[in-house]
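In our numbering, the protein residues as written are 1 to 179.
Worksheet: one structure, shown below.
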Amino acid sequence: MCTPVEFTNTKRGRPLMIIDGYSYVHDSRTNDKTYWRCENHKTFNCHYRIHTCNSTITTTHVKILKQNGNHTTSCNRDQIKISLRKFRENFVDRTHNTQESTDTVLSQCISQLSDVARIRLPPLDHVKRTIHKQRKKNDLPQVPNDVNFPNIPAVLQTTKRNDIFLRIDTGPDKNTHFH
């Protein structure tokens with residue numbers, strides 16, 4: 001029987017599986033099985049582990065082969081922590097894949113949070129700083145804000161698959177054509 005799950009990533013990019021409000025970090029993998037351990041393994045000394053079948057893993061369901069151990073009493077289900085993790089993943093994704101302003105990215109991502117989760121957000125200037133750092137890592141040029149800018153950077157002229165995105169400006173004035 002397949003169990004409904006959600007997959008996301010940790011801050012360091014490791015796979016994270018969420019089942020019934022508990023989070024499990026990818027521990028190891030063989031040809032047949034993937035081993036997951038409770039996210040609070042080190043923090044609360046929780047030794048709960050899950051073994052899943054590799055052939056039945058989809059993005060929404062997994063087949064659990066074995067559940068081992070018990071969650072400690074300190075290891076609670078934290079839906080707010082999960083929603084904050086999804087918030088971070090969402091704004092990092094929007095930061096890398098769109099040219100929206102920092103405030104637009106922030107407002108779009110915050111609008112998806114519940115009021116209780118918004119209270120646990122770090123200060124907004126810290127989140128904005130994280131967005132700026134992510135953009136710096138991505139190494140995209142500044143978005144041209146002037147109508148009379150001389151040329152469009154080559155990075156902004158192509159898609160991720162290197163297809164030409166911007167071919168020509170077909171406006172009414174012939175002097176405003178892009179080359």
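Even glycine gets a Cβ: it sits at the ideal position worked out from N, Cα and C.
No experiment lies behind these values; they were computed from the predicted model shown.
- Under the DSSP assignment, C53 falls outside any alpha helix (DSSP H), being part of the beta strand (DSSP E) whose first and last residues are R49 to C53.
- At a Cβ-Cβ threshold of 8 Å, H61 and T3 count as neighbours.
- Of the candidates Q134, T104, S83 and T73, S83 places its Cα closest to the Cα of I119.
- The C-alpha of V25 is placed about 23 Å away from the C-alpha of P122.
- The beta-bridge partner set that DSSP reports for I80 is empty.
- Counting C-beta pairs closer than 8 Å gives three or more between the stretch 102-118 and the stretch 126-141, which meets the contact rule.
- Sorting L65, N9, D93 and R77 by C-alpha distance to the C-alpha of Y35 places L65 at the top.
- A residue is called buried when at least 16 other Cβ atoms come within 10 angstroms of its Cβ; T95 meets this threshold and is buried.
- Beta-bridge pairing by DSSP links H41 to no other residue.
- By the beta-carbon neighbour count (other beta carbons within 10 angstroms, threshold 16), N40 is buried.
- With a threshold of 16 other beta carbon atoms within 10 Å, L16 meets it and is buried.
- Counting only residues of its own chain and dropping the five nearest sequence neighbours on each side, N68 has a CB closer than 6 Å to the CB of R49.
- Just so you know, the alpha carbons of Q99 and L156 end up roughly 10 Å apart.
- N9 is bridged by DSSP to P15.
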